[in-house]
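Participant:
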Amino acid sequence: MELEQLRQQALAQLEQVHDEAALRSWNSQFLGKNGALTQALKRLAQLPPQDRPAYGQQVNALKEALLAALEHKKAELHQRELARSLAAEALDVTLPGRPVLRGRLHPATQVMRDILAIFAELGFQVYRSREVEDDLTNFELLNMPPHHPARDLWDTFHTTTPGVLLRTHTSPGQIHVMRQYCPRPIRVVLPGMCYRYEQITARSEIQFQQVEGLAIGESISLSDLIGTLSTFAKRFFGGERRIRIRNSYFPFTEPSIEVDVDCILCQGEVPGPSGSSGTAAAASSCTLCKGTGWLEILGAGMVHPVVLRHGGYDPERFQGFAFGMGPQRMAMLKYAIHDIRLFWSNARRFLEQF
Ligand SMILES: [Zn+2]
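Note that the sequence shown covers residues 285 to 638 in this note's numbering.
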């Protein structure tokens, strides 16, 4: 009778179990080491010997029944949990996935490669030069002795080692390449990063890329330089482009020139020496060239005899031309970008346009 009561009590309580914790508690209450069933088994010793086998069999049968009921309940709880999580965490596997972002070359890198490819077709090799320079190579050997006023053109990042600085232009590479190849002819482009201690604005950055070009030989003239740059401008900006040469000054070239290309936006006419300006009305409203009809693209000139001599070449026998441009500026002109700071912003909205 006691065992039958225990069975009914256990099964009735199991009916009320609805989670794992309650099931564990039920398990220890009835089937645990000090549970009701163990207590029932202990009473075996108090029974008369002839009743013990039958009682023992009944306890064992009850234990089997309770274990079976426990397994059944476990399976039921598991099924219920599965159904709950399927309903709560439903996943529509037919939804399209999130696209993987694909990288691409930075616009500054693209433009740099475009420039180098054009000069490669013209026979120029790439020569890479160091970004940390000494004062001697960055200034003095390029015809800028310590107190030369032209040094004021660049505010310079000096290192804590006296006389060692971050190059302000790619021109010191001219000295390195000349000393390496002298007295052979040279036709190289020198790309790379330059550094100036300047206020960061829409038009100036403290770091920027430059591409320098250098050609040395025994019969090189200013017309070779102009022909080279004119070809470059047409290949880079389009076949219709014309260039304009203006007089300028750089310490390391003589004579020095600055080169403009006619505006790619308004196709501005040359306000010629006679003052004729056929499309002045169209040019004046142009935001890119500010109504001048021309865009300044680079500085150039014939290599100064002092620089040639410092490179190891005899200026009586050799001549050369050099030019330098900023790929970022070229990209700004070509793609009408108004702020040079965008190149370092890592903004995807900007980068994804190229
Ligand atoms: Zn224009």
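For each residue, glycine too, the CB sits at the ideal point set by N, CA and C.
Since the structure is predicted, the reported quantities are computational estimates derived from the model, not experimental observations.
(1) Under 8 angstroms between the Cβ atoms of residue 294 and residue 314?
(2) Spatial neighbours of residue 548 within its chain, please: C-beta separation below 6 angstroms, excluding the five flanking residues on both sides.
(3) I'd like the ranges of any alpha helix (DSSP H) spanning at least 4 consecutive residues and lying wholly in the region 595-632.
(4) For the beta strand (DSSP E) that contains residue 533, what are its first and last residues?
(5) Counting only the same chain and skipping the five closest in sequence on each side, list residues whose C-beta sits under 7 angstroms from that of residue 325.
(6) If I follow the unbroken beta strand (DSSP E) through residue 388, where does it start and stop?
(7) Give me whichever residues DSSP pairs with residue 471 in a beta bridge.
(8) Can you tell me whether residue 537 is buried or exposed? The criterion is at least 16 other CB atoms within 10 Å of its CB, across all chains shown.
(9) Where does residue 507 fall in DSSP's three states?
(10) Confirm, please, whether the CB-CB distance from residue 635 to residue 390 is below 8 angstroms.
(11) Could you give the DSSP three-state label for residue 309: helix, strand or coil?
(12) Do residue 491 and residue 479 have their CB atoms nearer than 8 angstroms?
(13) Just list the residues that DSSP pairs residue 578 with in beta bridges.
(14) Quick check on the DSSP output: the alpha helix (DSSP H) that includes residue 299 runs from which residue to which?
(15) Note down, in chain order, each residue of its chain lying with its Cβ closer than 7 angstroms to the Cβ of residue 611, except the 5 sequence neighbours on either side.
(16) So residue 321 and residue 350 are in contact, right, with Cβ under 8 angstroms, and what is the actual spacing, rounded?
(17) Could you give the DSSP three-state label for residue 395: helix, strand or coil?
(18) Can you tell me whether residue 549 sits near ligand 1, meaning its C-beta is under 7 angstroms from at least one heavy atom of the ligand?
(19) Given a threshold of 16 other Cβ atoms within 10 Å of its Cβ, counted over all protein chains shown, does residue 458 qualify as buried or as exposed?
(20) What residues in its chain sit with their C-beta under 8 angstroms from that of residue 530, if we drop five residues either side in the sequence?
(21) For my contact list, residue 525 and residue 508 are in at a C-beta cut-off of 8 angstroms; report their separation, rounded to the angstrom.
(22) Identify the continuous beta strand (DSSP E) that holds residue 461 and give its terminal residues.
Facilitator: In this structure, then:
(1) Taking the C-beta atoms as reference points, residue 314 is found nearer than 8 angstroms to residue 294.
(2) 521.
(3) Listed in chain order, they are 611-619.
(4) Annotation: the continuous beta strand (DSSP E) that includes residue 533 extends over 527-534.
(5) By the criterion of a C-beta distance shorter than 7 angstroms, residue 325 is surrounded in its chain by 343, once the five residues flanking it on both sides are discounted.
(6) No beta strand (DSSP E) contains residue 388, which DSSP labels as neither H nor E.
(7) 499.
(8) Per the 10 Å Cβ criterion, buried.
(9) Here residue 507 sits in helix by DSSP.
(10) Result yes, Cβ atoms of residue 390 and residue 635 sit closer than 8 angstroms.
(11) Here DSSP, grouped into helix, strand and coil, assigns residue 309 to helix.
(12) The Cβ atoms of residue 491 and residue 479 sit closer than 8 angstroms to each other.
(13) Answer is 546.
(14) Taken as a continuous stretch (DSSP letters only), the alpha helix (DSSP H) holding residue 299 covers 286-299.
(15) The answer, listed in chain order, is 392, 395, 396, 399, 493 and 495.
(16) Going by Cβ atoms, the distance from residue 321 to residue 350 rounds to 7 angstroms, so yes, they are a contact pair.
(17) DSSP places residue 395 in the helix class (H, G or I) of the three-state scheme.
(18) At least one heavy atom of ligand 1 lies less than 7 angstroms from the C-beta of residue 549.
(19) Classification for residue 458: buried.
(20) Sequence-distant partners of residue 530 (beyond 5 residues in either direction) whose C-beta falls short of 8 angstroms from its own C-beta, in its chain, are 541, 542, 543 and 544.
(21) Their Cβ separation, rounded to whole angstroms, is 19 angstroms, which puts residue 525 and residue 508 out of contact at 8 angstroms.
(22) Residue 461 -> not in any beta strand (DSSP E); alpha helix (DSSP H) instead, spanning 456-465.
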